[in-house]
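Following: one structure in structure tokens, then a few remarks.
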Amino acid sequence: MPPRYRIAIAGGGTGGHLYPGLAIADAFVAQYPGSEVVFFGTARGIENKIIPAEGYKLHLLPMRGLLRKFSLENVLFPFRLLLSVIKAWFLLRQFKPQLVIGTGGYVAGPPLIAAKFLGIKTAIQEQNSFPGLVNRKMGARVDLVCAAFADSQKYFTGQKHFYLTGNPVRIRPVAANEEARSRKAEEVVVLVFGGSQGANRINEVVAESLPDLMKKFSIRLIWVVGPVSEAKMKVWQEKYPENVQVFGYINDMAHVYQSSDIAVCRAGAMTLSELSLFGLPAILIPFPWATADHQTKNAQSVARAGAGIMIQEKDLTKERLASELESMLSNREMRLHMQKQVLSLAKPDATQEIVNHCIKIVEN
């Protein structure tokens, strides 16, 4: 009979910190039936809706992050941190987990700190090239660090158990659907998306570039514009009904990735991990207001590997985007080379590797 484990996972605020934790939780429960996983989050984070819907228990902490400007919230930060550590201490003492895993975000700090006081093993899963504040501060104090980018290792000096595992993702490559199999041989499918809420600047520049691109190339555009922009952007689908599909949101991204040849998107860590699994080269436009500009650092890592092209949003113009797209659309060899480089970054067994390292830490 396989062993059963009790695991606590702390992280959230955004999907980039939450979904890796869910992938790890799913793997533990599937591999070790009867294991229990609980999550720590805040009422403000997306975890407050998503975790209960996934069937896991969620403990809410009064933690809030530091703002980048002077604010009463920052004055209250030490008190919220102390209260959150105390609450996490009592909850962990009651649950008695063998391991606490932090997946990033300010809410990951208190459970990791409380776990150290209680003598519980601790681990960090770092998604980005540049680690967040909590992971940087806790990196040398936890028992294990599993990271996605080699560039992040320099921020975890003093950590003996550092492993380059890749990011745990729930999405997996699928068989090509009928639409993908029946497309014209010369047609290139371009996927544009900006996250669950879309990206206004990307949408604007793609719209400006579209007429010229349609004249020059045989392309099909799958355009995920975000729920707010869907009605406005549908005009492009009406103008090019055979070539443009506009969506507010797509839940099943696996089939979309599988059907596409080029992506134009942000540079969030989980997005990049998904692109690598599907071998999808991309023009990456980092979100300029991401904490510590970590998306730029992610995009730079991918660009250095020859797996993508980075355009800063301040440099994003109709002419620049069209130029980069045209170079990829007109050069199949370039696309194939970039596809090969993207696939070289893929870590399809990341989730299993992370679970294996966690088990070793617990059993030792």
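Counting in the numbering used here, the sequence shown runs from 11 upward without gaps.
For every residue, glycine included, the Cβ atom is placed at its ideal position computed from N, Cα and C.
Just so it is clear, the structure is predicted and the values come from calculations on it, not from any experiment.
Around the beta carbon of M348, 16 or more other beta carbons sit within 10 angstroms, so the residue counts as buried. Taking C-alpha positions only, R342 is separated from E196 by approximately 10 Å. Between S283 and V179 the beta-carbon gap is near 5 Å, inside 8 Å, which marks them as a contact.
Between F297 and E329, the C-beta gap is not smaller than 9 Å, which leaves the two residues out of contact.
Shown here for A118: same chain residues with a beta carbon closer than 6 Å to its own, the five before and five after excluded, namely A20, G21, G112 and V144 in chain order. Going by DSSP, Y173 is part of no alpha helix (DSSP H) but of the beta strand (DSSP E) stretching over F172 to L174. According to the DSSP secondary-structure assignment, M320 is paired through a beta bridge with L294.
Annotation for K244: the continuous alpha helix (DSSP H) segment containing it runs E240 to K249. Within its own chain, the residues whose Cβ lies closer than 8 Å to the Cβ of V365, once the five positions on either side in sequence are excluded, are I34, A37, F38 and Q41, listed in chain order. For Q255, the enclosing beta strand (DSSP E) has its first and last residue at V254 to F257. Relative to the Cα of P43, the nearest Cα in the group R54, Y66, M73 and M11 belongs to M11.
Apart from sequence neighbours up to five positions away, the residues of its chain that approach H367 with a beta-carbon distance below 8 Å are A133, L154, C156, H171, Y173 and T175, ordered along the chain.
Nearest neighbour of V274 by Cα position, chosen from I123, Y250, E334 and N261, turns out to be E334. DSSP assignment within the segment 73–149 yields the following whole alpha helix (DSSP H) runs of 4 residues or more, N-terminal first: 82–105, 119–128 and 143–148.
DSSP places L282 within a helical segment (H, G or I) once states are collapsed to three.
Secondary structure at G55: coil, using DSSP grouped into helix, strand and coil.
At least 9 Å separates the beta-carbon of A209 from that of W246. Spatial neighbours of V234 in its own chain (CB-CB distance under 6 Å, excluding positions within 5 residues in sequence) are listed in chain order as F203, F257 and I260. One alpha carbon belongs to R90, the other to A302, and they sit about 23 Å apart. In this structure, A317 sits near A292, with a CB-CB distance shorter than 9 Å. E57 is classed as buried because its beta carbon has at least 16 other beta carbons within 10 Å across all chains shown.
The beta-carbon separation of V372 and K126, rounded to 15 Å, does not stay under the 8 Å limit for a contact. The shortest C-alpha to C-alpha distance from I272 to any of R314, R74 and L231 is the one to L231. Annotation for I369: the continuous alpha helix (DSSP H) segment containing it runs A360 to E373.
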